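Have a look at the structure below before the remarks.
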Amino acid sequence: MSLRIGVPSKGRLMEKTFEWFGARGVTMARSGDDREYSGHVSGIGGVHLVLLSAGEIPRELSAGRIHLGVTGTDLIREKLGGWETRVAEVAPLGFGFADLIIAVPNAWIDVDTLDDLDAVAAQFRAAHGHRLRIATKYHRLVREFLQSAGVAEYRLVDSQGATEGTIRNMTAEAVADITSSGDTLRANHLKILSDGLVLKSQAELFAARRANWDAITLARLSELCAKLGVEAPAL
Amino acid sequence: MPISPAARREAARLKAAFEAAGALPVEADTLLPADTLLDLYGEDIRGRAYVTQDPLLGEMMLRPDFTVPVVQMHMAHGAEPARYCYSGEVFRRQDRDEGRAREYLQTGYEVFARENPAESDAEVFAMFSQLLVPLKLRAVIGDIGLLLAAVNGLSTSETRKAALRRHVWRPKRFRALLDRFSGAAPVAPARVKLLEKLATGSAADLMADAGTFIGQRSPAEVEARAVALLEDAGTRHIPTREADLLDDLLRVEGAAPEALKRLEDIGTELSSIRPAIALMEARLEALSEHGINVDRLGFEASHGRTTMEYYDGFVFSFMADQEGLPPVANGGRYDALTRVLGQGREIPAVGGIIRPGLLAQLKEARV
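These protein sequences, in sequence, are chains A and B. Oh and the first sequence: position 224 is 224 in UniProt numbering, straight run, nothing missing. Oh and the second sequence: position 254 is 254 in UniProt numbering, straight run, nothing missing.
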């Protein structure tokens with residue numbers, strides 16, 4: 001049985017992943033037509049490449065349909081409850097850096113910390129009759145973060161894209177989103193709370209704890225890890 | 001795992017006992033409008049309840065407890081005083097632990113009565129105690145009302161008291177606020193800078209410097225809070241002695257009579273808690289009259305602070321002597337909840353639930 005490794009199927013994430021493996025002697029390539037989602041691995045035997053949308057890789061890892069997978073820390077922690085019991089971290093890949101942060105309008109000169117956000121949430125609810133809305137697609141991570149910080153009286157509203165625009169469009173008062181440079185935030189007149197870092201994320205190689213690990217796949221895993229120069233995870 | 005026949009039998013037995021005590025059996029929808037629950041519990045409930053979408057009614061939740069629908073029903077057309085009982089499945093989302101039940105039975109008893117709250121508290125507790133007696137559970141009581149009264153008695157501004165009251169149920173933030181208000185924690189550097197700027201300039205100028213104003217929170221609201229922050233900066237620290245007394249209060253733990261003595265000691269200095277102490281004393285007397293041995297009843301001042309945010313008086317739990325199990329039964333007083341759901345009306349209320357499944361499981365393990 002071959003070792004199935006799930007890799008983002010397009011864009012920069014795919015290219016960077018191919019580069020990272022390539023630099024370590026494991027060559028990945030898409031086969032044939034650019035539109036065809038299949039590929040192959042050379043430089044090591046018995047490894048099968050599975051091209052997937054980055055957002056689906058956590059689910060496939062969790063179900064054990066792939067042995068290994070490349071995706072963001074943020075997606076694993078957002079999508080998998082009890083993620084440590086589902087996947088093992090094999091190696092950070094050093095690209096795809098992004099911080100999940102909480103940001104508010106720059107003009108909120110009275111707000112710098114979560115403590116301020118909490119106080120403003122109380123004030124906002126009293127004035128507007130509804131909870132202060134925070135737009136995000138990272139519901140679990142943000143809720144757990146705010147809960148452990150003891151922030152009350154907010155409400156998460158779902159935003160699957162253009163999240164920074166929600167405040168101007170009056171559908172949210174604050175946002176929790178991924179940023180790498182902060183440029184989009186600044187362009188949208190937003191600032192990051194000084195203690196508003198929810199999670200630092202990057203692309204990582206994960207191993208699925210519930211995949212079908214037999215003697216052959218385990219041997220291939222240690223061979224692959226040796227080639228990549230990373231420690232094989234305890235599964 | 002499906003609910004066992006033994007659990008169903010326990011539930012039927014408990015409900016029959018509640019009915020025999022004069023409680024009116026009531027039913028509640030399994031699908032509840034999410035809005036009311038979100039409004040009451042906040043976003044945290046989404047992490048604990050199953051949310052689903054109805055094309056016409058909007059966001060709905062699978063019943064995480066019966067309290068809200070029972071209170072709503074009473075506030076809409078209940079007689080006074082009233083006693084209700086119910087039994088049925090509740091649904092709790094588990095994000096972390098695959099081993100925990102997602103679906104289990106709750107059998108409950110709720111009393112809505114204006115007169116003699118100590119007697120209603122004792123009635124509910126004694127009823128539960130009697131039903132659970134064969135299991136030798138450990139009972140713990142507490143009183144959130146004591147904490148709220150202590151906060152109200154602090155020598156500080158109403159704004160600061162309101163902030164503390166709001167976070168009685170979030171111990172970490174409560175602690176952070178108390179430390180800040182009593183000068184035990186430094187003011188955040190960014191706040192110091194802001195206060196300096198506000199002292200010499202205006203909030204409006206600062207906002208203008210910050211660029212384009214966006215969003216539904218208005219410039220007037222930002223200005224109002226800036227004024228409030230300046231005012232707050234001028235507020236004197238809560239005296240260390242008072243903060244210490246509040247700490248002492250939060251740490252009171254022990255057999256009820258000794259706990260009461262300690263509270264009375266604290267009350268000699270923190271006089272605002274005296275009415276709550278008197279109520280606790282009356283409650284212990286009422287419990288004695290109901291046949292409870294209060295000398296062996298545990299009291300913990302911080303009990304109930306981390307459960308769902310609606311108990312605001314007497315709280316209690318019955319716990320099995322076994323790691324990792326949830327309480328077999330718990331409950332308390334929730335006067336403020338009826339105010340929120342009553343749209344202008346309110347009535348003192350106290351009640352609790354037993355988990356028949358856990359009860360059956362413990363009984364089975366015993367034989």
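Glycine is no exception: its CB is placed at the ideal position from the N, C-alpha and C atoms. Nothing here was measured: the structure is a model prediction, and the numbers come from that model.
Bridge partner(s) assigned by DSSP for residue i
i              : result
Tyr50(B)       : Note: Tyr50(B) sits in no beta bridge, so no partner.
Ser87(B)       : Thr107(B)
Arg191(B)      : Answer is none; Arg191(B) lacks a bridge partner.
Ser62(A)       : Looking at the DSSP assignment, Ser62(A) forms no beta bridge with any residue, so it has no partner.
Lys191(A)      : Val104(A)
Phe112(B)      : Ala82(B) and Ala349(B)
Asn330(B)      : Ser317(B) and Ile353(B)
residue 434(B) : The first residue shown for chain B is 1 and the last is 367, placing residue 434(B) beyond what the model contains.
Val47(A)       : Leu3(A)
Gly72(A)       : Ala203(A)
DSSP state of residue i mapped onto helix, strand, coil
i         : result
Arg13(B)  : helix
Tyr311(B) : coil
Gln106(B) : strand
Arg155(A) : strand
Phe316(B) : strand
Asp97(B)  : coil
Glu204(A) : strand
Glu17(A)  : Here the sequence assigns Thr to residue 17(A), which means Glu is not the residue at that position. Looking at Thr17(A) - three-state DSSP - the assignment turns out to be helix.
Pro33(B)  : strand
Ile57(A)  : helix
Met280(B) : helix
Asp209(B) : helix
Ile5(A)   : strand
Glu300(B) : strand
Lys10(A)  : coil
Val252(B) : coil
His40(A)  : strand
Ile167(A) : coil
Glu59(B)  : strand
Ile109(A) : coil
Met73(B)  : helix
Ile292(B) : coil
Gly22(A)  : helix
Gly150(A) : coil
Arg217(B) : coil
Asp214(A) : coil
Beta-carbon neighbours of residue i, restricted to chain A and to distances below 7 angstroms
i         : result
Met207(B) : Ala107 and Ile109
Glu43(B)  : Arg143, Tyr154, Arg155 and Leu156
Contact set between residue i and chain A, taken where Cβ atoms lie within less than 9 angstroms
i         : result
Ala203(B) : Ile109 and Asp110
Leu31(B)  : In chain order: nothing, as chain A lies at least about 20 angstroms away.
Ile3(B)   : The contacting residues do not exist; Ile3(B) stays about 23 angstroms from chain A at best.
Ile238(B) : Going along chain A, no residue has its Cβ under 9 angstroms from Ile238(B), so there is no contact; the nearest lies around 17 angstroms.
Leu246(B) : Result: empty, since nearest Cβ-Cβ is about 17 angstroms, beyond 9 angstroms.
Leu195(B) : The contacting residues do not exist; Leu195(B) stays about 10 angstroms from chain A at best.
Option in the options with minimal Cα separation from residue i
i         : options                                       : result
Val47(A)  : Gly96(A), Phe97(A) and Ala29(A)               : Ala29(A)
Phe299(B) : Leu57(B), Glu281(B) and Arg225(B)             : Glu281(B)
Thr156(B) : Leu178(B), Val140(B), Ala139(B) and Val294(B) : Leu178(B)
Asp97(B)  : Glu231(A), Glu164(A), Val87(A) and Gly81(A)   : Gly81(A)
Ser194(A) : Asp116(A), Pro8(A), Glu56(A) and Ala63(A)     : Asp116(A)
Glu264(B) : Ile277(B), Glu253(B) and Gly254(B)            : Ile277(B)
Ala234(A) : Val90(A), Val175(A), Ala126(A) and Val120(A)  : Val90(A)
Gly6(A)   : Gly22(A), Gly39(A), Arg24(A) and Ser31(A)     : Gly39(A)
Ser2(A)   : Ala226(A), Ala232(A) and Leu221(A)            : Leu221(A)
Under 8 angstroms by beta carbon: chain A residues contacting residue i
i         : result
His167(B) : Gly150 and Ala152
Val222(B) : Ala107, Trp108, Ile109 and Asp110
Gly324(B) : Here the premise fails: no neighbours, minimum Cβ distance about 16 angstroms.
Arg225(B) : Asp110, Ala119, Val120 and Gln123
Partners in chain B for residue i, counting only beta-carbon separations shorter than 8 angstroms
i         : result
Arg140(A) : Gly47 and Asp95
Ile192(A) : Going along chain B, no residue has its Cβ under 8 angstroms from Ile192(A), so there is no contact; the nearest lies around 12 angstroms.
Arg168(A) : Ile214 and Gly215
Whole-number beta carbon distance between residue j and residue i, since they are thought to touch under 8 angstroms
i              : j         : result
Leu297(B)      : Ala256(B) : 5 angstroms
residue 371(B) : Met1(B)   : It is not possible to answer for residue 371(B), since the shown part of chain B is limited to 1 through 367.
Lys191(A)      : Val104(A) : 7 angstroms
Gln72(B)       : Arg355(B) : Gln72(B) to Arg355(B), Cβ: 23 angstroms. No contact.
Gly352(B)      : Val124(B) : 6 angstroms
residue 380(B) : Ile144(B) : Residue numbering for chain B in the displayed model covers 1 to 367; residue 380(B) lies beyond these limits and cannot be assessed.
Chain-ordered neighbours of residue i on chain B, where CB pairs are closer than 7 angstroms
i         : result
Ile102(A) : The contacting residues do not exist; Ile102(A) stays about 13 angstroms from chain B at best.
9 angstroms Cβ cut-off: residues of chain B touching residue i
i         : result
Gln160(A) : Per Cβ cutoff of 9 angstroms: no residues; Gln160(A) is ~15 angstroms from chain B at best.
Ala122(A) : Ala162, Ala163 and Arg166
His67(A)  : Per Cβ cutoff of 9 angstroms: no residues; His67(A) is ~22 angstroms from chain B at best.
Thr113(A) : Ala188, Ala190 and Arg191
> Along the segment 69 to 83 of chain A, what residues have a CB closer than 7 angstroms to any CB found in chain E?
Replying inline: Here the protein chains are A and B, and chain E is not one of them.
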